[in-house]
Amino acid sequence: LRRDGRIVHAEAFTWRRKNLADAAASVAERLRAAAAASGSSAVDVVAYGLGGVLVRLAAQAHGASPLLGNVVTLASPHRGTALALLGLPAIRDLRPGSSFLDDLVRGEKLPTQTHVAAIASPFDAVVFPFDLAYWPGAFNVTVERVGHCSMLYSERVYTLIAENLDV
259 LRRDGRIVHA
269 EAFTWRRKNL
279 ADAAASVAER
289 LRAAAAASGS
299 SAVDVVAYGL
309 GGVLVRLAAQ
319 AHGASPLLGN
329 VVTLASPHRG
339 TALALLGLPA
349 IRDLRPGSSF
359 LDDLVRGEKL
369 PTQTHVAAIA
379 SPFDAVVFPF
389 DLAYWPGAFN
399 VTVERVGHCS
409 MLYSERVYTL
419 IAENLDV
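If you want the numbering used here, it's the position in the sequence shown, counting the first as 1, plus 258.
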């Protein structure tokens, strides 16, 4: 993205130590900081994995919706993941059909100024079944032969990211 002339603010989250609501509040603050640093009222977002769910929650519950320009998520468990059925405390809210995810969908209104794309793959061994990475109401894209981690390195996925940021 930088090579293509975009201003990039990369963030990593230690969400395992927080509940998802606290992590989403942190995402909202970082979105506010990125908008202020860029001098723009809204910023484009590319979110990977759980980051996509946290961006949704930041928009819905922490007032970050007006800050969102275009949003692209990669391998995000928007509707959960079967891995959460293992009972790991850090991801228990990501069980398909959980009250957390039901509340997220029920309370969500996609901002009209925001183009939202969710990229998923049937080769994803973390978010499975892969259609759980589809964001209800978004432009959902399936890429073949790209795993969860390889989303970050795939030229095809990068092309999709760039196209959806330029909408």
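Each residue gets a CB set at the ideal place from its N, CA and C atoms; glycine is no exception.
| Item | Value |
| --- | --- |
| Own chain residues within Cβ distance below 6 Å of G310, not counting five before or after | T331 and S334 |
| L418 - containing alpha helix (DSSP H), residue span | E413 to L423 |
| Contact under 8 Å by Cβ, G338 with P354 | yes |
| Beta carbon of A348 nearer than 8 Å to that of P387 | no |
| Nearest neighbour of L279, chosen from N398, L312, F381 and G307 [CA to CA] | Checking the sequence, you will find Ala at residue 279 rather than Leu. Of N398, L312, F381 and G307, the residue nearest in Cα terms is L312. |
| 7 Å CB neighbourhood of V228 in its chain, flanking five on each side removed | The structure shown has nothing for residue 228, since the chain only spans 259 to 425. |
| Residues that L326 bridges to, as DSSP identifies them | V301 |
| Rounded straight-line distance, which links the Cα of R290 to that of V266 | 14 Å |
| Backbone CA spacing between Y306 and G327 [nearest angstrom] | 16 Å |
| First and last residue of the uninterrupted alpha helix (DSSP H) at F358 | S357 to R364 |
| CB contact flag (A220, V374, <8 Å) | Nothing about residue 220 can be reported from this structure: the residues present for the chain run from 259 to 425 only. |
| Alpha-carbon spacing of D382 relative to D389, whole angstroms | 10 Å |
| V401 and V415 closer than 8 Å at C-beta | yes |
| Local Cβ density within 10 Å of Y392, reported as buried at 16 or more and exposed below that | buried |
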